[in-house]
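Following: one structure in structure tokens, then a few remarks.
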Amino acid sequence: MDRAQKADAVAELKSVFNEVGVVVITRNLGLTVAQSTELRTKMREAGASYKVAKNRLAKLASQDTDYAGISDLLTGPTALATSIDPVAAAKIAVEFAKTNDKLEIVGGSMGSQVLDADGVKALASLPSLDELRAKLVGLIQAPATKVAQVVGAPAAQLARVFGAYAAKDAA
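Taking our numbering, the leading residue of the sequence shown gets 71, the next gets one more, and so forth.
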């Protein structure tokens, strides 16, 4: 990798650090190509990305960003999982690490808040942004449904009474 390629890689990583809501650092302990591809696919489906980056370049890129605190975690064969949603990358990385012992969660950062491995696991247990939106919409719709049921109940009762009278007269 020549100097120009390194500069491009640092610039790309810096732009990623300025856009994302969370960075999860993982340690690769011998993932096969198929396992790595599977992890990348799951990340992409969740709106996250997984990238192996040179530690030195990642340290340079993280300077002057909210993620400057992760430089101590960048040792050994590491990779970066990032997402705009603060939960997506952490959730996929933790789920994959549970089923595959060749991926280890080292730590991460959510903005300027540096997280250890337990912090990332706690973050992964939170509902995602889409799940929270769905719950909020459900809470907003619930009262409207109940109002419609209460308003419609007297009319339904009247219809049953009239139906009973009609059945009584027919008999």
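All C-beta atoms in this analysis are idealised placements derived from N, C-alpha and C, irrespective of residue type, glycine included.
This one's a predicted model, so the numbers in the text were calculated from it and none came from an experiment.
When G189, S132, D155, V184 are compared against P197, the one with the closest alpha-carbon:
Restricting attention to G189, S132, D155, V184, the CA atom closest to the CA of P197 is found in D155.
Output the boundary residues of the beta strand (DSSP E) element that contains A151.
Residues 148–153.
By the DSSP assignment, the alpha helix (DSSP H) with P168 in it spans what residues?
Note that residue 168 corresponds to Lys in the displayed sequence, not to Pro. Unbroken alpha helix (DSSP H) run through K168: 158–169.
Would F87 pass as a contact of D142 if the rule is Cβ separation under 9 Å?
For F87 and D142, no; Cβs fall outside 9 Å.
Below 9 Å between beta carbons: does that hold for A158 and G178?
With respect to G178, A158 sits apart: the two C-beta atoms are not nearer than 9 Å.
Output the distance between the C-alpha atoms of D134 and L202, rounded to the nearest integer angstrom.
Taking the straight line from one Cα to the other gives about 32 Å.
With C-beta atoms as the reference, is L127 less than 9 Å away from L83?
Yes; because the gap between Cβ atoms is below 9 Å, this pair is in contact.
Please list, in chain order, all residues of the same chain as V184 whose beta carbon is under 6 Å from its beta carbon, the five residues on each side excluded.
G139, listed in sequence order.
What would DSSP say about K121, mapped onto helix, strand or coil?
In the three-state scheme derived from DSSP, where H, G and I count as helix and E and B as strand, K121 is classed as strand.
Identify whether Q183 lies in helix, strand or coil by the three-state DSSP scheme.
The DSSP-derived three-state label of Q183 is strand.
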